[in-house]
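Novice: There's a structure below that I have some questions on.
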Amino acid sequence: MSHAKKAAGHRAAEFVEDGMTLGLGTGSTVFFVLEALADRVQGGLQIRGVPTSLDTQRVAGEFGIPLVTLDEALELDLTIDGADEIDPAFHMIKGGGGALLREKIVARASKRVVIVADSGKVVERLGLKFLLPIEVVPFARQVVTRELEGLGATPVMRIAGKDEPYLTDNGNQILDTRFKNGIEDPPALERTLAAIPGIVESGIFVDLAHVLVVGSENGEAEVRER
Ligand code: 5RP
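Here's what the structure looks like:
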């Protein structure tokens, strides 16, 4: 799997040009983007990045990639991020790493978004294999759970360590949610979830990805445009 991730990550880093302000996604595939960028920064490439998680902030910092806040950058030339699933319309499930809220904010602030993934994440329908992460305010977790059950879904609180609720970088919790027949209409479900008080953000990403870089275990990467 890591050959595929590395192939995708290194190929995607080629989209980065001198002077760009970047959104830096989160996850094990993005790690290889950061690795490739670190080499180029050492060679004189001038970039600055807005990290989408504390984890990426730490790794990018260790790699010597200059970082700024989203407030400082405001508009981003390009974001490179991973995905948990991506469908033929380039709608995605994200949030396996818990960073969905900042990832969506950063993607929305970007002129262009390149997604890196291994071929196992390319699906015909979202949500048949991967549960949909939904970030909720802790105060509202139980009422949101009931609302989701009312939609026919099965939410399970994400756990960290010894049965403690997993907490996002924003201090919220995550409900990993199963939809029995997958997600039939991603834009409609995203709107439905956004209307439920207590849901901060869902991991459905609609119309945000422009380019998909799919890595294979043989070390090749294929670039697909939306
Ligand atoms: C984090 C994400 C990640 O981009 C997604 O989970 C993919 O991660 P990986 O590249 O490790 O498979 O959405 O919130």
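If you read the sequence shown in the numbering used here, its first letter stands for residue 105, the second for the next number, and so on. All C-beta atoms, glycine included, are put in the ideal place defined by N, C-alpha and C.
1) If we require 3 or more residues per run, which beta strand (DSSP E) segments fall completely within the stretch 163-223?
2) Can you name, in chain order, every residue of its own chain whose Cβ lies under 7 Å from the Cβ of Leu204, other than the five neighbours on each side?
3) Taking Cβ to Cβ, would you say Val210 is nearer than 8 Å to Val315?
4) How would you call Lys233, buried or exposed, if buried means at least 16 neighbouring beta carbons within 10 angstroms?
5) Can you tell me which of Glu121, Gln277, Val134 puts its alpha carbon nearest to the alpha carbon of Ile263?
6) Chain E beta carbons: is any one of them nearer than 8 Å to that of Pro192?
7) Pro259: which of Asp273, Leu279, Ile287, Ser320 sits nearest, CA to CA?
8) What does a CB cutoff of less than 6 Å around Ala325 pick up in its chain, not counting 5 residues either side in sequence?
9) Give me the Cα-Cα distance between Leu252 and Glu288, rounded to the nearest whole angstrom.
10) Kindly indicate which three-state DSSP category Glu268 falls into: helix, strand or coil?
11) Taking the alpha carbon of Lys78 as the point to measure from, which residue in Asp311, Gly256, His107 has its own alpha carbon closest?
12) Tell me which residue opens and which closes the beta strand (DSSP E) that Phe119 is part of.
13) Check whether the Cβ of Ala313 sits closer than 7 Å to any heavy atom of the ligand SAH, and report yes or no.
14) Going along the chain, which residues of its own chain have a beta-carbon closer than 8 Å to the beta-carbon of Val172, five neighbours each way excluded?
15) List the residues that DSSP assigns as beta-bridge partners of Met261.
Specialist: If we stick to the structure as given:
1) For the stretch 163-223, whole beta strand (DSSP E) runs of length 3 or above, ordered along the chain, are 182-186, 217-222.
2) Only residues of its own chain outside the window of five on either side were considered, and among them Lys198, Pro237, Glu239, Glu305, Gly307 have a CB closer than 7 Å to the CB of Leu204, listed in chain order.
3) no
4) exposed
5) Answer by Cα proximity: Gln277.
6) No chain E appears in this structure, which consists of one protein chain only.
7) Relative to the Cα of Pro259, the nearest Cα in the group Asp273, Leu279, Ile287, Ser320 belongs to Leu279.
8) Ala111, Ala112, Arg115, Val317, Gly319
9) 16 Å
10) strand
11) Past the boundaries of the shown model lies residue 78; the chain is included only from 105 to 330, so the question cannot be answered.
12) First-last for Phe119: undefined, no H or E at that position.
13) As presented, the structure is devoid of the ligand SAH, carrying the ligand 5RP as its sole ligands.
14) Answer for Val172: Thr125, Arg152, Gly153, Val154, listed in chain order.
15) Leu279
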